[in-house]
Each structure stands twice: as structure tokens, then as C-alpha cells.
Amino acid sequence: TQLLEQSPQFLSIQEGENLTVYCNSSSVFSSLQWYRQEPGEGPVLLVTVVTGGEVKKLKRLTFQFGDARKDSSLHITAAQPGDTGLYLCAGSTGGGNKLTFGTGTQLKVEL
Amino acid sequence: GAVVSQHPSWVICKSGTSVKIECRSLDFQATTMFWYRQFPKQSLMLMATSNEGSKATYEQGVEKDKFLINHASLTLSTLTVTSAHPEDSSFYICSASLGGLRYGYTFGSGTRLTVV
Numbered sequence: 487t488q489l490l491e492q493s494p495q496f497l498s499i500q501e502g503e504n505l506t507v508y509c510n511s512s513s514v515f516s517s518l519q520w521y522r523q524e525p526g527e528g529p530v531l532l533v534t535v536v537t538g539g540e541v542k543k544l545k546r547l548t549f550q551f552g553d554a555r556k557d558s559s560l561h562i563t564a565a566q567p568g569d570t571g572l573y574l575c576a577g578s579t580g581g582g583n584k585l586t587f588g589t590g591t592q593l594k595v596e597l
Numbered sequence: 313g314a315v316v317s318q319h320p321s322w323v324i325c326k327s328g329t330s331v332k333i334e335c336r337s338l339d340f341q342a343t344t345m346f347w348y349r350q351f352p353k354q355s356l357m358l359m360a361t362s363n364e365g366s367k368a369t370y371e372q373g374v375e376k377d378k379f380l381i382n383h384a385s386l387t388l389s390t391l392t393v394t395s396a397h398p399e400d401s402s403f404y405i406c407s408a409s410l411g412g413l414r415y416g417y418t419f420g421s422g423t424r425l426t427v428v
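So the sequences go chain by chain: W and U.
Residue numbering for the first sequence follows my numbering, beginning at 487 and increasing consecutively.
Residue numbering for the second sequence follows my numbering, beginning at 313 and increasing consecutively.
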């Protein structure tokens, strides 16, 4: 069983602050995705990374895939209350199409 | 874009009854759909992979006779929770992909099941 550990588990910050969420595993993933989920809704895909060392930017969000494809990070610049939600990383190994989800990071951004 | 519709969004049922949850891909065909379970403040746990025209593949520890999955068409998968008990109360979510992992998965809006 591949485990994806996210840290921190909970994060409460003020609007305008920066933050980084980490997703770590001992397994190598062929691809890794980040999702954001709001209460009572399904997760929404933010990004997919497939190449070791890859960095993708989506407005204020920066995603990085580790060189060894075992870890990833999500950095948010100048956080806003609208960024509040549960952030989930999810990875897939080999040629399979099943996703293993990380343990989740609950982010709260306050005014 | 790919849209996945899940119905109902919430349901309350009595212990011992069965509940059916539908997952539809609205604008694309999905040979494979996935069913997840999520407890409050926790991550998603994969329950089973639903395969169109064949039996579902269940994850270890998931009772296939309790969580019946039917994927009779390329746009519809159903999850039936049979003889539901209060411990089955949870948030159930389905997902499907337009073109595989590289394109990501689209998730339904989830079904909140409460068994009383």
C-alpha cells in the first residue's frame, strides 16, 4: 500500500501570508495530482505533474514534483479567504489508473 | 469539460434498508469509474473500481456483498449500500476520467448518507 503523508495536517493563517503544503511518500509515482475540496463537495483538480523536478504555476499557486517523483509541494502566495479548503495530493504508480490520496491538509485563511 | 453528476446529494435511511447512489458522466463516456468513501475531516479512501460491462474490483477490506456496484453503461455507475447500518454513514464520492490519469479525474459532488 502506497502511503502519501501530507503536512501540515491543519493550517490556519491570516490573509496575505504565504504557505507551503508537503506531500511525501516512500513510493515512486508516475504522476501526482493536487486537488482542493470544499465541505460537502467533491475534490476539484488543480494540477497534474508527471516529470521529476517539474514545477507548475497556477496564478498564486506553485506546484513542484520532486526529482525522484516521491514527493511534491504546493506553495500558495498571498493567501486569500477563498483559498480555504481541504488540499489533497493524489498519486498513481506504474501503469495503473488508481489514485492513492494523501492524508489531506485543512487550510483556513482568515481576514 | 468533463462533468460527473452524482445523485442523490444526501439521503437518510433506516437501518436495514438499502440505498442506491448514481454516478453519471454527462458529456463523456467512462469505461472506468471509481467509488470513494470519506469520513469527516479525513481523506478519500478508494472503495472499488467500477468497470463497464464487467465486475467491479474492490479494495482490500471492502465487502463486495454490502457495497454492490453496477456499471451497465458507459455513462452510469451505481453503488448500492445494502442492509445499511449507522456505521455506513459517510460521504460517498465517485469519479471518472475523460482521458486517463494525465488529464486528471473529475469527481461527483458526493452523497452524504446518514443511516438512523
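Virtual Cβ for every residue (Gly too), placed ideally from N, Cα, C.
Only a predicted model underlies this, so the values are computations on that prediction, with no experimental measurement involved.
If we define contact as Cβ-Cβ less than 8 Å, is K353(U) a contact residue for chain W? yes
Using 8 Å for Cβ pairs, my map puts S401(U) next to L425(U). What's the rounded Cβ distance? 6 Å
Specify, as a first and last residue, the run of the beta strand (DSSP E) that Q350(U) falls within. Element bounds for Q350(U): T344 to Q350.
Comparing the C-beta of E527(W) with each C-beta of chain U, is any distance below 8 Å? At least one chain U Cβ lies under 8 Å of E527(W).
Same chain, Cβ closer than 7 Å to E371(U), five either side skipped, listed in chain order: L358, M359 and A360
Taking CB distances under 8 Å as the criterion, tell me whether T387(U) reaches chain W. no
On a Cα-Cα basis, can you pick out the residue from T387(U), F419(U) and S395(U) that is closest to C325(U)? S395(U)
Contact check, L391(U) vs I381(U), beta carbons under 8 Å: yes
In whole angstroms, what separates the C-alpha of E334(U) from that of L597(W)? Computed Cα separation, rounded: 39 Å.
Would you list, in chain order, the members of the stretch 396-427 of chain U that have their beta-carbon closer than 9 Å to a beta-carbon of chain W? Residues passing the 9 Å Cβ filter: F403, I405, C406, S407, S409, G412, L413, R414, Y415, G416, Y417, T418, F419, G420, S421, G422 and R424.
G502(W) (DSSP reduced to helix, strand or coil): coil
Using a C-beta cutoff of 8 Å, does T361(U) count as contacting chain W? yes
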